[in-house]
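Peer 1:
See the structure below:
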């Protein structure tokens, strides 16, 4: 995976460094032709911008790939492949992609995400996810009669957790004795939520609850105020999400304004 990643970056970088001044420092000389160090620096910059650290090992690998690429390129040129229609078509596609990447990088540099925007987005998240969280358990079965029988069994002393493990068709919670852990009630289907929020702590539904998944026997185990991460803990993720949103809006705007016939 690393080798493929570096190769992709190298292809893009070399496309943009075909024409360099003769005075550029050389990384190597292959068959008498200098290979500029600028190629190495360009790829290193791209790797670092992707969030990776360029270790000596990675730098050595990049250098080796650049030199290998130069060997292959010289052979392709010797065979006259630069004049083929396939080569010219692929070069045009690659040129477009590099130029598009520069366009998006330029937009992001001129339209950075501000702290105020991050705060606004975080406040929206808090508003949508605040309030109470509910810790619930349930037993899900296909038939209403089965759910009624389970309720009757629990009332006679049957253990909710044991029945859930044996009969619930929800494999995730069933294996945990029906435990759904803490969640915002809005995360459940409406019928489930409506029944859940009416329960007292430690109580279960006295009649089965129908949803698109089947019939539920629901128990409310506990409630608490929502435990939300602090802004500092999620700031990088919020910033990245906003960058993606801004870029998507920019792309859509360009596409909408374009005259396509």
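Residue numbers (mature numbering (1 follows the signal peptide of the UniProt record, and there is no 0)): -24 to -1, 1 to 237.
Where is the CB? At the ideal position from N, CA and C, for every residue including glycine.
1. With a threshold of 8 Å on Cβ separation, who are the neighbours of residue 194 within its own chain once the five nearest residues in sequence on each side are excluded?
2. Counting only runs of 4+ residues fully inside the region 96 to 156, write out the alpha helix (DSSP H) ranges in chain order.
3. Can the beta-carbon of residue 102 be found less than 7 Å from the beta-carbon of residue 3?
4. Could you tell me the alpha carbon to alpha carbon distance between residue 151 and residue 120, rounded to whole angstroms?
5. Three Cβ pairs or more, each shorter than 8 Å: is that satisfied between the region 208 to 223 and the region 82 to 100?
6. Is it the case that the CB of residue 137 approaches a heavy atom of the ligand MN more closely than 6 Å?
7. Can you grab the Cα-Cα spacing for the pair residue 27 / residue 125, in whole Å?
8. Using the rule of at least 16 other Cβ atoms within 10 Å of the residue's Cβ for burial, across every protein chain shown, is residue 163 buried or exposed?
9. Any idea if residue 123 is buried or exposed, counting beta-carbon neighbours within 10 angstroms, 16 or more meaning buried?
10. Is the Cβ-Cβ distance between residue 224 and residue 105 less than 7 Å?
11. For residue 46, which residues from the same chain have a beta carbon less than 8 Å from its beta carbon, with the 5 sequence-adjacent residues on both sides left out?
12. Thinking C-alpha only, which one of 235, 200, 67, 90 is nearest residue 158?
13. Pick out whichever of 129, 89, 230, 146 has its Cα sitting closest to the Cα of residue 218.
14. Any idea what DSSP makes of residue 2, helix, strand or coil?
15. So what's residue 173 in DSSP terms, helix, strand or just coil?
16. Report, in whole angstroms, the separation of the C-beta atoms of residue 109 and residue 160, which I expect to be a contact under 8 Å.
17. Indicate whether the contact test is met: 3 or more Cβ pairs, each with one atom in the region 29 to 38 and one in the region 59 to 73, closer than 8 Å.
18. Which same chain residues, not among the five before or five after residue 54, have their C-beta less than 6 Å away from its C-beta?
19. According to the neighbour-count rule (16 or more other Cβ atoms, all chains shown, within 10 Å of its Cβ), is residue 233 buried or exposed?
20. So, for residue 191: in the same chain, excluding its five sequence neighbours on each side, which residues have a beta-carbon less than 8 Å away from its beta-carbon?
21. Please name the residue, chosen from 98, 207, 146, 50, that lies closest to residue 188 on a Cα-to-Cα basis.
22. How many Å lie between residue 50 and residue 71 at the Cα?
23. Leaving out the 5 sequence neighbours to the left and right, which residues in its chain are closer than 8 Å to residue 228 when beta-carbon positions are compared?
24. Along the chain, where does the alpha helix (DSSP H) that runs through residue 222 open and close?
25. By the DSSP assignment, the alpha helix (DSSP H) with residue 62 in it spans what residues?
26. Does the distance from the C-beta atom of residue 75 to that of residue 39 stay below 7 Å?
Peer 2: In brief:
1. Working through the chain shown from its first residue, we reach residue 194 at position 218. Around residue 194: 112, 113, 114, 168, 171, 172, 175, 180, 181, 185.
2. 120 to 131, 136 to 143, 147 to 150
3. Taking the chain shown and counting its residues from 1, the one referred to as residue 102 is at position 126. Taking the chain shown and counting its residues from 1, the one referred to as residue 3 is at position 27. No, they are not a contact pair.
4. Along the chain shown, read from residue 1 onward, the residue named residue 151 stands at position 175. Along the chain shown, read from residue 1 onward, the residue named residue 120 stands at position 144. Going by the C-alpha atoms only, they are around 21 Å apart.
5. yes
6. Absent from the structure shown: the ligand MN. Ligands present: none.
7. In the chain shown, residue 27 corresponds to position 51, counting from 1. In the chain shown, residue 125 corresponds to position 149, counting from 1. Whole-angstrom Cα-Cα distance: 56 Å.
8. Within the chain shown, the letter at position 187 stands for residue 163. That one is exposed.
9. Start at 1 with the first residue of the chain shown, and residue 123 comes out as number 147. Buried is the call here.
10. Taking the chain shown and counting its residues from 1, the one referred to as residue 224 is at position 248. Taking the chain shown and counting its residues from 1, the one referred to as residue 105 is at position 129. Against a cut-off of 7 Å, the Cβ pair of residue 105 and residue 224 comes out as no contact.
11. The residue given as residue 46 occupies position 70 in the chain shown. The answer, listed in chain order, is 4, 6, 9, 11.
12. As a first step, residue 158 must be located in the chain shown, where it is residue number 182. For the residues 235, 200, 67, 90, the minimum Cα distance to residue 158 belongs to 200.
13. Numbered from 1 along the chain shown, position 242 holds the residue referred to as residue 218. The residue with the shortest Cα to Cα distance from residue 218 is 89.
14. Stepping through the chain shown from its first residue, residue 2 is reached at position 26. Looking at residue 2 - three-state DSSP - the assignment turns out to be strand.
15. By 1-based counting over the chain shown, the position of residue 173 is 197. Note: residue 173 maps to coil in three-state DSSP.
16. As a position in the chain shown, residue 109 is number 133, starting the count at 1. As a position in the chain shown, residue 160 is number 184, starting the count at 1. Rounded, the Cβ-Cβ distance is 6 Å, consistent with contact.
17. no
18. For this step, residue 54 is matched to residue 78 along the chain shown. Once the five neighbours on either side are set aside, residue 54 has no close Cβ partner at all.
19. Within the chain shown, the letter at position 257 stands for residue 233. Exposed, since its Cβ has fewer than 16 Cβ neighbours within 10 Å.
20. Position 215 of the chain shown holds residue 191. Same-chain partners within the cutoff: 116, 117, 118, 119, 120, 122, 123, 184, 185.
21. Position 212 of the chain shown, counting from 1, holds the residue named residue 188. Measuring from the Cα of residue 188, the nearest candidate turns out to be 146.
22. On the chain shown, position 74 is the one that residue 50 refers to. On the chain shown, position 95 is the one that residue 71 refers to. In a straight line, the C-alpha of residue 50 is about 20 Å away from that of residue 71.
23. Taking the first residue of the chain shown as position 1, residue 228 is located at position 252. Excluding positions up to five away in sequence, the list is empty.
24. Sequence index remark: in the chain shown, residue 222 carries index 246 (1-based). Segment 207 to 233, the alpha helix (DSSP H) holding residue 222.
25. Taking the first residue of the chain shown as position 1, residue 62 is located at position 86. Note, residue 62: alpha helix (DSSP H), 61 to 86.
26. Looking up residue 75 in the chain shown gives position 99. Looking up residue 39 in the chain shown gives position 63. Their beta carbons are not under 7 Å apart, which means residue 75 does not touch residue 39 by this criterion.
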